[in-house]
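> Residue numbers (my numbering), protein chains in the order written: chain Y, -18 to 99; chain V, 2 to 116. Yeah, the Cβ is synthetic: ideal placement off N, Cα and C, and Gly gets one too. This structure is in C-alpha cells; I'll ask about it shortly.
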Amino acid sequence: EAQVTQNPRYLITVTGKKLTVTCSQNMNHEYMSWYRQDPGLGLRQIYYSMNVEVTDKGDVPEGYKVSRKEKRNFPLILESPSPNQTSLYFCASSLGPWTASSYNSPLHFGNGTRLTVT
Amino acid sequence: GDSVTQMEGPVTLSEEAFLTINCTYTATGYPSLFWYVQYPGEGLQLLLKATKADDKGSNKGFEATYRKETTSFHLEKGSVQVSDSAVYFCALSGLEYNQGGKLIFGQGTELSVKP
C-alpha cells in the first residue's frame, strides 16, 4: 500500500531535549516536505526536499533541521525544542514539486505527529 | 504574498443539508486551487482541484469552480452525510518550479454533520 509513515504519532518532551520525527515513503517520490498545523493558521511549510541531498527552507524553518540522505526518508530534527514548537506535524511527498499541475501526483500526507514541548 | 482565506468554522449541518464552504485567495499569476480533507486522526487527502479559470473540480459529490473574477473557489455539496464530517482545507499553489511545490493553505473549516 502506498503510504507516508511518520513516527511517533504522539510525543511529549521537555524544552531543549533534541528529538527527531521520522518520515518514510514507499512510492519512490522525489519530492518531500514538512508542514506544521496550528489552530487558525492552517498548514505552513517548514522545509522541503526536491531530491536526495537537496533541501530548502519553507516559510517557518527556524528551529528545525532536515536531512535527505535516502530518497525514501526525510526526518525532521528539533535540536533544542521550545514550547512554541508544540504543534501537529505532517510529512508529505509527491512525484515532484510540480505536484500542483499534476492531478496524478497530488501530495500524499502522513497521519501526523502531535508534539508537545513543556 | 499569496494567501487563502476560508470561512470560519465549525459548521454544523443536519444530514442531507446543502453545504457551502467559502474560500477566496490572493495570488500573483494563475495558481492551481485545491480542496483537501482531513478526517479525524488522519493526514490530509486531496479532494478535488482546478488548474485554470472556470474549471470545475469534482469528487465524491463535492464540487468547486475556479472563479478568477471573484478570486474564489467555494466548496459545495448538495446533500451531506455524517461521514463527511471532517476538516476541509482550501489551498493554492503556483506553477513556478522554484516555489518548491509549496501549497499555501487556508486555516481549515471544521464540518460536523448530525444524523
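Got a sec? Which residues, its chain only, sit under 8 Å from Pro56 of chain Y by beta carbon, not counting five neighbours each side?
The residues are Thr1, Val2, Thr3, Cys4, Val47, Ser48.
> Beta-carbon separation of Lys57 of chain V and Thr71 of chain V under 7 Å?
Going by C-beta atoms, Lys57 of chain V is not nearer than 7 Å to Thr71 of chain V.
> Sorted by chain position, which residues of the same chain lie with C-beta nearer than 6 Å to Ser61 of chain Y's C-beta, five sequence neighbours on each side aside?
The residues are Gly(-3).
> State the DSSP-derived secondary structure class of Val98 of chain Y, mapped to helix, strand or coil.
The answer is strand: DSSP assigns Val98 of chain Y an E or B state.
> With a CB to CB cut of under 8 Å and the five nearest residues on each side skipped, what residues in its chain are close to Thr99 of chain Y?
These residues qualify, in order along the chain: Ile(-7), Thr(-6), Val(-5), Thr(-4), Pro64.
> Whose C-alpha, out of V:Asn23, V:Glu16, V:Gly79, V:Glu17, is nearest the C-alpha of Gly10 of chain V?
Closest by alpha carbon: V:Asn23.
> Does any C-beta atom of chain V lie closer than 7 Å to the C-beta of Leu24 of chain Y?
Yes, its Cβ sits closer than 7 Å to a Cβ of chain V.
> For Lys52 of chain Y, collect the residues of the same chain with a Cβ closer than 8 Å to its Cβ; drop the 5 residues on either side in sequence, then sort them by chain order.
For Lys52 of chain Y, where only same-chain residues beyond five positions count, the Cβ hits under 8 Å are Asn9, His10, Glu11, Asn32, Val33.
> So, is Ala(-17) of chain Y buried or exposed, given that buried needs 16 or more other C-beta atoms within 10 angstroms?
Ala(-17) of chain Y is exposed by the Cβ-count criterion.
> May I ask whether a heavy atom of the ligand NAD can be found less than 6 Å away from the beta carbon of Pro(-11) of chain Y?
The ligand NAD is not part of the structure shown, which contains no ligands of any sort.
> Please report the distance separating the alpha-carbon of Ser33 of chain V from that of Phe19 of chain V.
About 25 Å.
> With 7 Å set as the bound, which would you pick, yes or no: does the beta-carbon of Ser83 of chain Y sit closer than that to a beta-carbon of chain V?
With a pLDDT of 49 at Ser83 of chain Y, under the threshold of 50, the modelled position of this residue cannot be trusted; read the value that follows with caution. So, not an interface residue.
> What's the C-alpha gap between Glu77 of chain V and Gln(-13) of chain Y?
Using only the alpha carbons, I get a separation of about 32 Å.
> Are Thr25 of chain V and Thr6 of chain V close, meaning C-beta to C-beta below 7 Å?
The answer is yes: Cβ separation under 7 Å.
> Can you tell me the Cβ-Cβ gap for Val12 of chain V and Leu104 of chain V, rounded? I've got them flagged as a contact below 8 Å.
With a Cβ gap of about 22 Å, Val12 of chain V and Leu104 of chain V do not count as contacting.
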